Amino acid sequence: MPVAPHVGMRLGGVAGDRYELVRRLGNGVFGVAWEAVDHHEQQVVALKLLDPRIKPDRVLLEAQLQRRLSEHPRIVSIMNVELGANPSSFVALEFVRAGSLQSVLDARRPTVLESVRWIRDVLEALDHTHQEGVLHRDVKPSNLLLGPDGHAMLTDFGVAEDSVHKLLPDPGMYPAHNSARVWSCADECPDGPMARRGLGMAAPSRHSARSR
Ligand SMILES: Nc1ncnc2c1ncn2[C@@H]1O[C@H](COP(=O)(O)OP(=O)(O)OP(=O)(O)O)[C@@H](O)[C@H]1O
Ligand SMILES: [Mg+2]
Numbered sequence: 003m004p005v006a007p008h009v010g011m012r013l014g015g016v017a018g019d020r021y022e023l024v025r026r027l028g029n030g031v032f033g034v035a036w037e038a039v040d041h042h043e044q045q046v047v048a049l050k051l052l053d054p055r056i057k058p059d060r061v062l063l064e065a066q067l068q069r070r071l072s073e074h075p076r077i078v079s080i081m082n083v084e085l086g087a088n089p090s091s092f093v094a095l096e097f098v099r100a101g102s103l104q105s106v107l108d109a110r111r112p113t114v115l116e117s118v119r120w121i122r123d124v125l126e127a128l129d130h131t132h133q134e135g136v137l138h139r140d141v142k143p144s145n146l147l148l149g150p151d152g153h154a155m156l157t158d159f160g161v162a163e164d165s166v167h168k169l170l171p172d173p174g175m176y177p178a179h180n181s182a183r184v185w186s187c188a189d190e191c192p193d194g195p196m197a198r199r200g201l202g203m204a205a206p207s208r209h210s211a212r213s214r
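Mapping the sequence shown onto the numbering used here, position 77 (from 1) lands on 79, and the numbers just tick up by one.
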């Protein structure tokens with residue numbers, strides 16, 4: 003039986019000792035995130051230990067999409083993915099020290115300046131993501147991490163979809179209620195999860211504008 007992840011545990015790499023777990027960051031739907039030291043590269047990373055029920059194809063797609071997009075400064079970089087590691091497959095990501103927007107919102111109300119900056123950051127990240135044909139589909143405060151410069155960075159492409167242009171040759175053709183569903187309403191809608199947390203998007207998307 004695999005040993006439960008714990009502080010000090012080593013995993014990954016050829017000898018299974020490349021990464022050392024330092025601190026548990028939090029639980030997600032798809033696994034548990036840890037702060038870890040990468041002893042090969044001598045740097046701190048975030049390791050997402052993945053639920054064994056997640057299909058390898060899905061893990062590889064997440065890694066591939068995030069790698070393709072992560073040259074953008076508002077998107078968290080992915081460093082490594084290992085399938086079948088003990089105790090579980092994992093993804094190694096750039097460690098973004100200041101935590102998530104969710105943790106800020108849990109602690110206090112953001113200033114207007116912060117809100118405007120973060121909304122702009124998200125829109126820049128999504129603009130890049132959409133231009134690459136990718137739909138993130140899970141934009142929410144816990145998937146926005148705060149970099150050392152105080153800017154928000156988008157992460158977690160665990161349910162993202164590729165080739166949206168192929169899926170939706172012309173999103174404008176869809177009736178408003180359908181398009182909102184197809185686009186998950188997560189990325190752009192003013193009544194999506196970001197807005198509900200007091201970070202409403204400045205400009206309504208064409209879908210939501212039509213649905214009024
Ligand atoms: N690259 C990272 N750097 C620093 N902290 C991170 C990083 N990635 C994730 N975290 C932290 O780990 C926690 C868990 O992340 P995870 O994505 O697994 O779950 P979630 O976003 O809370 O939920 P969900 O699975 O629904 O996305 C988050 O709250 C976040 O603060
Ligand atoms: Mg997440």
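Every residue gets a Cβ at the ideal spot worked out from N, C-alpha and C, and that includes glycine.
No experiment lies behind these values; they were computed from the predicted model shown.
Taking its Cβ as the centre, do 16 or more other Cβ atoms sit within 10 Å of residue i, making it buried, or is it exposed?
| i | result |
| --- | --- |
| residue 40 | buried |
| residue 68 | buried |
| residue 57 | exposed |
| residue 51 | buried |
| residue 211 | Model confidence at residue 211 stands at a pLDDT of 38, short of 50, so the residue's coordinates are unreliable; what they give is reported in the following sentence. With fewer than 16 other Cβ atoms within 10 Å, it is exposed. |
| residue 113 | exposed |
| residue 160 | buried |
| residue 43 | exposed |
| residue 143 | buried |
| residue 83 | buried |
| residue 152 | exposed |
| residue 29 | exposed |
| residue 182 | Reliability of the predicted coordinates at residue 182 is poor, the pLDDT of 34 falling under 50, and the value obtained from them is presented with this limitation in mind. The residue in question, residue 182, is buried, as its Cβ has 16 or more Cβ neighbours within 10 Å. |
| residue 128 | buried |
| residue 158 | buried |
Start and end of the alpha helix (DSSP H) containing residue i?
| i | result |
| --- | --- |
| residue 108 | 103-109 |
| residue 116 | 114-133 |
Mapping the DSSP letters down to three states, classify residue i as helix, strand or coil.
| i | result |
| --- | --- |
| residue 94 | strand |
| residue 20 | coil |
| residue 88 | coil |
| residue 191 | At residue 191, the pLDDT of 48 sits below 50, so the modelled position is not reliable and the matter cannot be decided from this model. |
Let's see if you can read the secondary structure: which residues bound the beta strand (DSSP E) around residue i?
| i | result |
| --- | --- |
| residue 62 | Unbroken run through residue 62 is the alpha helix (DSSP H), 58-71; no beta strand (DSSP E). |
| residue 48 | 45-52 |
| residue 10 | Element bounds for residue 10: n/a, residue is neither H nor E. |
| residue 37 | 33-40 |
| residue 2 | For residue 2 there is no data in the structure shown, the boundaries of the chain being 3 and 214. |
| residue 137 | Counting along the chain, residue 137 falls outside any beta strand (DSSP E), and DSSP gives it neither H nor E. |
Just to confirm, are residue i and residue j a CB contact at a threshold of 8 Å?
| i | j | result |
| --- | --- | --- |
| residue 34 | residue 7 | yes |
| residue 148 | residue 100 | yes |
| residue 78 | residue 98 | yes |
| residue 60 | residue 155 | no |
| residue 132 | residue 71 | no |
| residue 135 | residue 90 | no |
| residue 88 | residue 18 | yes |
| residue 96 | residue 81 | yes |
| residue 27 | residue 92 | no |
| residue 137 | residue 163 | yes |
| residue 141 | residue 118 | no |
Ligand 4 and residue i: does any heavy atom of the ligand fall closer than 7 Å to the residue's C-beta?
| i | result |
| --- | --- |
| residue 26 | What this structure holds is ligand 1 and ligand 2, not ligand 4. |
Check whether the Cβ of residue i lies closer than 8 Å to any Cβ atom in chain D.
| i | result |
| --- | --- |
| residue 145 | This model lacks chain D altogether, as it is built from one protein chain only. |
Pocket of ligand 2 defined by Cβ to heavy atom distance under 6 Å: Residues flagged by the Cβ proximity filter: 30, 144, 145 and 158.
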